[in-house]
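Taken in order, these protein sequences are the chains called Y and F. For the first sequence, the numbering used here gives the first residue as 79, with consecutive numbering after it. For the second sequence, the numbering used here gives the first residue as 41, with consecutive numbering after it. The structure appears below as structure tokens.
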Amino acid sequence: NAGVIQTPRHKVTGKGQEATLWCEPISGHSAVFWYRQTIVQGLEFLTYFRNQAPIDDSGMPKERFSAQMPNQSHSTLKIQSTQPQDSAVYLCASSSEGGNTEVFFGKGTRLTVV
Amino acid sequence: QQKVQQSPESLIVPEGGMASLNCTFSDRNSQYFWWYRQHSGEGPKALMSIFSNGDKKEGRFTAHLNKASLHVSLHIKDSQPSDSALYFCAVSTNTNTGKLTFGDGTVLTVKP
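The structure is reproduced here in structure tokens:
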């Protein structure tokens with residue numbers, strides 16, 4: 079079990095460019111989460127899929143951010159027209175069903191917008 | 041909206057000492073409580089969970105939950121330099137999902 083796999087580990091984009099982050103959840107896990115981690119804001123929930131369906135995107139900035147899960151083996155987070163304030167570590171996580179089950183995190187993608 | 045606060049922000053303990061980390065939450069409907077640990081360059085990893093009031097011990101780690109006082113704590117006995125990391129308290133309200141609300145974290149440093 080390789081755990082949750084995120085690619086790339088590091089990404090540098092110019093201001094105004096698009097960034098796409100990839101996540102491969104643990105096989106068999108039905109829930110996939112995206113979080114963002116910064117020094118100032120800490121760990122913030124962005125969005126959540128269950129069985130590939132979007133369930134809760136209450137943490138997603140309404141403009142420029144979108145997430146998809148086209149199949150059970152991968153999810154993407156896309157940021158359009160990136161801004162310096164988007165610089166953060168983006169973490170993908172997965173779990174089995176139920177609030178009492180462990181959520182497993184990937185190592186994250188460090189996005190730097192210059 | 042759930043608010044999770046941790047204290048202290050940072051903590052230094054000697055090797056072999058006891059580290060105590062605290063967490064308060066705001067939603068009385070909270071049901072599942074987790075402690076996560078994150079080493080530099082890695083994602084957070086679950087250390088232990090506690091779902092019922094009282095103490096839960098796993099090796100050198102003991103979690104304590106008091107839902108009435110909206111408080112959960114983690115105590116690390118015989119701290120080791122390898123315990124040095126960022127520790128998060130995470131709370132889940134929904135029985136159906138693993139959506140977690142995290143505190144801001146406590147940086148633990150164990151000095152040899």
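From the three backbone atoms N, C-alpha and C, an ideal C-beta is built for every residue, glycine too.
Taking the alpha carbon of residue 132 of chain F as the reference point, which residue from F:120, F:100, F:90 and F:101 has its own alpha carbon closest? Residue F:90 is the option with its Cα nearest to residue 132 of chain F.
Can you give the Cα-Cα distance for residue 158 of chain Y and residue 147 of chain Y, rounded to whole angstroms? A direct Cα-Cα distance of roughly 17 Å separates residue 158 of chain Y from residue 147 of chain Y.
Report task. Check distances from the C-beta atoms of the stretch 63-86 of chain F to those of chain Y and list, in chain order, the residues that come in under 9 Å. Result -> Here the close residues are 71, 72, 74, 76, 78, 81, 82, 83, 84, 85 and 86.
### Near-chain F residues of the stretch 149-167 of chain Y (beta-carbon distance less than 9 Å), N- to C-terminal order
Taking 9 Å as the Cβ-Cβ cut-off against chain F, the residues of the stretch 149-167 of chain Y that qualify are 167.
- Using a Cβ-Cβ distance under 8 Å, would residue 139 of chain F count as near chain Y? Interface residue, yes.
Exercise. Report the residue from F:73, F:49 and F:142 whose alpha carbon sits nearest the alpha carbon of residue 178 of chain Y.
Key: Measuring from the Cα of residue 178 of chain Y, the nearest candidate turns out to be F:73.
- Message: Between residue 129 of chain Y and chain F, is the shortest Cβ-Cβ distance under 8 Å, so that the two count as touching?
- Response: Output row for residue 129 of chain Y: interface = no.
Alpha-carbon to alpha-carbon, residue 145 of chain Y and residue 110 of chain F:
Taking the straight line from one Cα to the other gives about 34 Å.
Span of the beta strand (DSSP E), counted from its first residue to its last, around residue 133 of chain F:
Per DSSP, residue 133 of chain F belongs to no beta strand (DSSP E) and is neither H nor E.
Q. Hey, does residue 145 of chain F have any beta-carbon neighbour from chain Y nearer than 8 Å?
A. Yes, residue 145 of chain F counts as interfacial toward chain Y.
Step through the CB atoms of chain F and report whether any lies within less than 8 Å of the CB of residue 79 of chain Y. Chain F contact via Cβ: absent.
Measuring straight from C-alpha to C-alpha, what distance separates residue 148 of chain F and residue 41 of chain F?
So the two alpha carbons sit approximately 28 Å from each other.
Are at least three pairs of beta-carbons, each pair with one atom in the stretch 105-116 of chain Y and one in the stretch 160-174 of chain Y, less than 8 Å apart?
Cβ pair count under 8 Å is three or more, so yes.
task: Taking residue 91 of chain F as the query, report the chain Y residues whose CB atoms sit under 7 Å from its CB, ordered along the chain.
output: Per Cβ cutoff of 7 Å: 178.
- Cβ contact (3+ pairs, closer than 8 Å) linking the stretch 99-114 of chain F and the stretch 90-107 of chain Y: Between the stretch 99-114 of chain F and the stretch 90-107 of chain Y, the count of C-beta pairs closer than 8 Å stays below three; the two stretches do not touch.
Given that a residue counts as buried once 16 or more other Cβ atoms are within 10 Å of its Cβ, and exposed if not, what is residue 59 of chain F? Burial call: buried.
Proximity below 8 Å, CB of residue 143 of chain Y to CB of residue 82 of chain Y | With contacts defined as CB atoms closer than 8 Å, residue 143 of chain Y and residue 82 of chain Y fail to qualify as a contacting pair.
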